[in-house]
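Visitor: Structure below; questions to follow.
Chains as they are written, first to last, in the numbering used here: chain A, 1 to 668; chain P, 669 to 1158; chain X, 1159 to 1475; chain G, 1476 to 1703.
Below you can see the structure in the form of structure tokens.
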């Protein structure tokens, strides 16, 4: 029970307090804004502090709770891995706590039950914290399902629309199946080890085929939750439906909890690793990354688009994890550590910028009540701060220097480029191809966010209510500002971050990155100075210096005036908002190039004395290929089975007689 | 012993009094008081069992296994009585039933409680049979209480199917007695379970396996095992709601209890034979089939109470499977599941009764927007279904966790089946639940005067069991586990 | 680090800015000669840049601050990217600041803001140009990285300096992988710098233009910066190709003599390369936008073949 | 085993048991309801007779009591109640023919063989001369069930149910020298109550569907949803 663990306990207590206090909102709807959400933010802060403490001190704290099964009292354990993810959870929750109060004002006049919103938000955070802290399978599963269940209630929060209900149902169903798979995975470990305690599972000696079974189950369960393709289709349905600050939590943090579960299960509990697992993870990761970004490009509902990008980024994280597994399985612990650090780095980056972007989307929603890109435009001049922070988010998620997204992708590339050290030539070719997919993904993401920012924030407003947009309250801006600043910091000072993350691979693989920070805070050299080096601070400084130089150079001599005029546009009539490129138009070339991957319905319906209508519907192939067949199967099976209940008493008696005779026959 | 008599005789006396009592207002209270007395007796009994380990005599035998079921039965009986007092008065006010009907209801309610408790506590297989048959007789009139054609039909089917099943069970009992005659000296003791259990090894295996088939089909009909389950949804959906609650929460448990007791005997007698786990395999087979089939049934429901009765079949199947699986872990899980399932399921039925009352119909398609109309009912239905679907922090999850891991340990290749079954059942429940609780309420739908106390108590208990199983209860279940499987878990 | 390397780095950064227009001018001149025209003098690009710099800038009413900031960001990012590519000497400290992946990242940053600026005014042309540019780059980037990775895996490094060192150390080795990588990189360079057959720098026809479409609304010094950035980019790719695949002659030390020699060598290589580009642009025809993916797939295929041949033929096992 | 070594009394027992089996065949095929009730009464009486004889032969006195119980209940009381019900329900002219009589009879025969095959291994030397009657009683039980499957008429079904009970009594007598007294009483009580309730339900059913044809009790089913 060390300081870090006490802080973590404080965080859990605060989260529960937030949940409890929001019950007051039944009577006084202001309670949510004035009490519950601030407590939520404090819980985030405490979690952040606990995580950092655990990472920096590197000492492990354990404690036993008065919960759980009689022969298995629930234990909690705060080690480096848990600490890292606590920090991830904490920082986004803190921002949400800042952002929420202003945001939920909008609901106070609505009919939705704010008590439910606040209560389940608190339980949601509690669940996530406990998942990370749990040290035995039972507490883990309980916390895990609490997390799923409470987030489900949040998805179903605005349940007037049938679509939202459907999304919530699908979400809970997938969460349930995933949870069962994870449970069975733990069951395998428990049946070979001495019970459900994680320490017992670490000690367990699984025969390899059973280890693979456990791995498959865990990969299925956690991957389902994380939204890996091809099981991702529920995610873009569910995440956007929740209130925006909850979407930020779900996309930014909950997916990371799934990543945590996967890392904990595979790298910590299953000590021996097979390279085939790495290949599987790598391939699935590539698939998710590519499909995620391509489908994101096809969306014009801002929040759905962001949700699809979560699929993409989770894919990138799993590419890193796959590399880590490959290297560890082939005995290159050092490279494994490199890949793992890359994955973890991207984990926290994605938490930051995806949280930032969802909060930005929430801000737009808050001031324009609009989610459809095709209606937006020119928001930069109407909400400058949100515009600026959103731009930072776009740059970060497009993996452009000098922001944080670039650092993690750079590290992933570096890890992939060490593939020449692998013995098997096949793997040596496979890995660089994966990195090519990663490159393609990054470029497509950039394209996608040029579309988003260009259509939403630049140009002119495409609808009246967007033209009337107003800046959002200070709290919301502050939250976005916090995350944006962190995006820059993590991009500029990677050596410090890696210094902190290093504790995780040391704990899991027994090997850190010795050279990463060997050349001082200025130089990031993951493997060695000769192999690769990147100095984000210098890049920033030089960029600034050169910019200053060029500005200064142009200030001299020549004419300084800038005249405002109409857009030239090759001399056509001054452009009207309707003449702007739409989001759909922007992504048309890519839609045409990758047409194979989409299920496209396109039609032009001419109308009398009116311009013709152009209909386009791009649906996820996963539905047709995976989801609907299963549903149909169950339906037909049910239709067959109900014949049992034919309604005729004599048939029922016949069943009884038949059963009796058959059993007697079999027995004797 | 006194405690036992108190527990048993209170309902008898209550039944007689209530049969004669004319005032309706009073009847509800008397019913409540009698149940309370019986519960007090049960608690006392449990206490003495906890002290001495076993209470026996007068042909009764109360050990760790059945005493917790006794307490559970008395408890659910009490809470349901609390719920039924205002509810049945509302029913009567609606003119669904007559004064006489109400008298029958109250008298039979207590008679039913008596048969349940008798079946649980008796040591004599014959008396067990008599009591279970008595339970059918006591409830069959309640099922047809409303006298609608559907109600009468349901009651008739219930009566015939269970009667036939029970008759077969009697044949099994005769065979058991026959097998016993060669090992148990005193013919009068030839049906006392404890005597048989002591010398189970000597029982003729061939006879016992035949006997077990009859008993399984017989009592299995009452448990609601597919394909003898057809009476169950009808009876649950057409009877008055309190009846559905106790049927689903108690009767099925008692029948399963009988099956388990007999399985213990058969296992003892088959110990030396080529296939010693015959009974276990039979139970597993039936359990699995019921589990899967019921899960599929859930998808095509239109009546809210029917739906939840199918979910009862599903859970009964799961428990049967677990008992068949054997082993301390699975048995412990199954015992726990009995407990949490009957608590949760009776709470759900009570809530469903309120929901049907709000919407004025039991048809799922016409129950809408409960959360909007009456948040208390809507949320408790939502939470109750979440609990029964096996979501933590509710107790059902704990037991399912144990069952699944036990299966993983002993019969791993069955786990995919269980997994898909759970998923299918879950989908079946929630696809119907969503439109009922969520969405906007239809015009003119008004909240009703609902008594949320029993629901709150039940769900609270289930929640508690999910978070932490209190030590004494764990110890208790563990002793029961030891009785059944012969080995400790703790 | 001592002053000499940084001095050299600064020098070569300035060289990039200074030489970029010259290369463009040279290419245009050669093209003109090939087309039997006298053509503009080689120094014409300098004149254009000056003219634009002294002209007043006009900005549309609908433009946001980003529109005015973009040219500086684009120019600076491209310039910094160029500064990390060894031009006259190898062991530059700037080369260590950003390895080749960071270089690609910086170029991507420039492209990102270029495309945003194009969409800012809200004209149809701008959006069209941005959309097409992002498509091309999205397809080009993996090809480029694959080509680069081939080199990186041979040299076990992504530092351009180390790669070139490794090349020089190895002497003249005929590697099949390099052939393929070279081919891929050339194709990518053509696409990225917006030359025929992917784009035509000298047209304003709506159907054909990509890069120009994004600059339509710019004028004055903003346009100058954009054009200058494009020229630096061309030079960057030229230097990249010539110095990685034919590093001979590049200065190994920071002695003035070595630097001068390196300068001469790289000038020579670039003149040849520019001529080759001019020839290619003369004989080839601009192709439809939706042929470009095929073109870039070819690039990707070449790069991939390079990688495979490296793994299969050169390393074995 | 051969009959010859047995004393005459015991041979008589076996003969009566055989007749019980016959009666349940008759019951199965009997078309007229009232005569079916009579046959059922005879069956009860025969069971009672068997019980008495076994008591006499096997010298187990408490069987006399159960014989009396059987006689009163199965041969007098229940048939009388059924008769009264039939009259009050205007069913005394009711005739119900089986759908495929020969098929059903064949099935019943098969059941007899099956039950004999089933009982064969469990019969031991130590068992009294009544062992083969176990097979008969099992057959009676199964045939009763078969009758319930094939008769659409509620009263007929009740007859089937009651003849099952007869089979059970017979089994109790033949396999074991009678059940413990408390069980006997309990069973008898249950059967009686069941009969009363059956009576109640006949009227409820008739007032709800104007007939006693159980095939018309088919409102409660899932298959109705097929159409959707």
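Every residue gets a Cβ at the ideal spot worked out from N, C-alpha and C, and that includes glycine.
Tell me, please, which residues DSSP counts as bridged to residue 565 of chain A.
Guide: X:1218
Visitor: Is residue 792 of chain P helix, strand or coil when you go by DSSP?
Guide: Residue 792 of chain P falls in the strand class under three-state DSSP.
Visitor: Could you give the distance in angstroms between the alpha-carbon of residue 1030 of chain P and the alpha-carbon of residue 787 of chain P?
Guide: 32 Å
Visitor: Name, please, each residue of chain A whose Cβ falls closer than 9 Å to the Cβ of residue 1277 of chain X.
Guide: 450, 451, 453, 454, 455, 458, 459, 580, 581 and 586
Visitor: Using 9 Å as the limit for Cβ to Cβ distance, is residue 1475 of chain X near chain A?
Guide: Any reading at residue 1475 of chain X needs caution, since the residue's pLDDT is 47, under 50, leaving its predicted position unreliable; the model's value is listed next. Taking Cβ atoms only, chain A reaches closer than 9 Å to residue 1475 of chain X, which makes this a yes.
Visitor: Does the beta carbon of residue 496 of chain A come closer than 9 Å to any beta carbon on chain P?
Guide: no
Visitor: Looking at chain A, which residues of the segment 1284-1312 of chain X have a Cβ within less than 7 Å of any of its Cβ atoms?
Guide: 1285, 1286, 1288, 1289, 1290, 1292, 1293, 1295, 1296, 1299, 1300, 1303, 1304, 1307, 1310 and 1311
Visitor: Whose Cβ in chain P lies nearer than 9 Å to the Cβ of residue 1661 of chain G?
Guide: 794, 795, 797, 798, 799, 801 and 802
Visitor: Buried or exposed: which applies to residue 232 of chain A, given that a residue is buried once 16 or more other Cβ atoms fall within 10 Å of its Cβ?
Guide: buried
Visitor: So, helix, strand or coil for residue 656 of chain A, using DSSP?
Guide: Helix.
Visitor: By the 10 Å Cβ neighbour count, where 16 or more other Cβ atoms means buried, how is residue 741 of chain P classified, buried or exposed?
Guide: buried
Visitor: Assess, as a yes-or-no matter, whether the segment 1073-1084 of chain P is touched by the segment 176-195 of chain A under the definition of 3 or more beta carbon pairs within less than 8 Å.
Guide: yes
Visitor: Are residue 734 of chain P and residue 1658 of chain G touching if we call contact CB-CB under 9 Å?
Guide: Going by C-beta atoms, residue 734 of chain P is not nearer than 9 Å to residue 1658 of chain G.
Visitor: Using a Cβ-Cβ cut-off of 6 Å (strictly less than) and excluding sequence neighbours within five positions of residue 1600 of chain G, which residues of its own chain qualify?
Guide: Model confidence at residue 1600 of chain G stands at a pLDDT of 49, short of 50, so the residue's coordinates are unreliable and nothing is read from them.
Visitor: Taking DSSP as the reference, what is the three-state secondary structure of residue 1600 of chain G?
Guide: With a pLDDT of 49 at residue 1600 of chain G, under the threshold of 50, the predicted position of this residue should be treated as unreliable, though the coordinate-derived value follows. Residue 1600 of chain G falls in the coil class under three-state DSSP.
Visitor: Measure the beta-carbon distance from residue 827 of chain P to residue 808 of chain P and round it to whole angstroms, keeping in mind my assumption that it falls under 8 Å.
Guide: 5 Å
Visitor: Using a Cβ-Cβ cutoff of less than 7 Å, which residues in the same chain neighbour residue 1444 of chain X once the five nearest sequence positions on both sides are dropped?
Guide: Cβ neighbours of residue 1444 of chain X beyond the five flanking positions: 1354, 1355, 1358 and 1366.
Visitor: Mind reading off the beta-carbon distance from residue 961 of chain P to residue 644 of chain A? Whole number of angstroms is fine, and I expect it under 8 Å.
Guide: 7 Å between Cβ atoms; contact.
Visitor: Tell me the rounded alpha-carbon separation between residue 236 of chain A and residue 46 of chain A.
Guide: 31 Å
Visitor: Enumerate in chain order the residues of its own chain whose CB-to-CB distance from residue 1105 of chain P is below 7 Å, with the five nearest sequence positions on each side excluded.
Guide: 1038, 1039, 1046, 1049 and 1050
Visitor: Does any residue of chain P bring its CB to less than 9 Å from the CB of residue 1600 of chain G?
Guide: With a pLDDT of only 49 at residue 1600 of chain G, under the threshold of 50, the placement of this residue in the model should not be trusted; the figure read from the coordinates follows. By this cut-off, residue 1600 of chain G is not an interface position.
Visitor: Please list the partners that residue 649 of chain A has in chain G, where partner means a Cβ-to-Cβ separation under 7 Å.
Guide: 1689 and 1692
Visitor: Using 9 Å as the threshold, is the C-beta distance between residue 1642 of chain G and residue 1614 of chain G below it?
Guide: yes
Visitor: CB residue 1021 of chain P to CB residue 910 of chain P, shorter than 9 Å?
Guide: yes
Visitor: In or out: residue 684 of chain P buried (at least 16 other Cβ within 10 Å) or exposed?
Guide: exposed
Visitor: Which of the three DSSP states, helix, strand or coil, is assigned to residue 801 of chain P?
Guide: Helix.
Visitor: Along chain A, which residues have their Cβ under 9 Å away from the Cβ of residue 1696 of chain G?
Guide: 642, 645, 646, 647 and 648
Visitor: Contact check, residue 1550 of chain G vs residue 1516 of chain G under 8 Å by CB: the rounded distance?
Guide: 5 Å
Visitor: Rounded to whole angstroms, how far is the Cβ of residue 1386 of chain X from the Cβ of residue 1207 of chain X, which I believe are closer than 8 Å?
Guide: 6 Å
Visitor: Alpha carbon to alpha carbon, how far is residue 1311 of chain X from residue 1096 of chain P?
Guide: 55 Å
Visitor: Grab the span of the alpha helix (DSSP H) containing residue 310 of chain A for me, first residue to last.
Guide: 302-329
Visitor: For my contact list, residue 1026 of chain P and residue 1041 of chain P are in at a C-beta cut-off of 8 Å; report their separation, rounded to the angstrom.
Guide: 6 Å
Visitor: Counting beta carbon pairs with one atom in the segment 1259-1278 of chain X and one in the segment 1234-1247 of chain X, are three or more of them shorter than 8 Å?
Guide: Yes: the two stretches touch, three or more of their Cβ pairs being nearer than 8 Å.
Visitor: Using a C-beta cutoff of 9 Å, does residue 395 of chain A count as contacting chain P?
Guide: no
Visitor: Just tell me which of P:822, P:1123, P:730 and P:1133 has its CA closest to the CA of residue 1044 of chain P.
Guide: Nearest option by C-alpha distance: P:1123.
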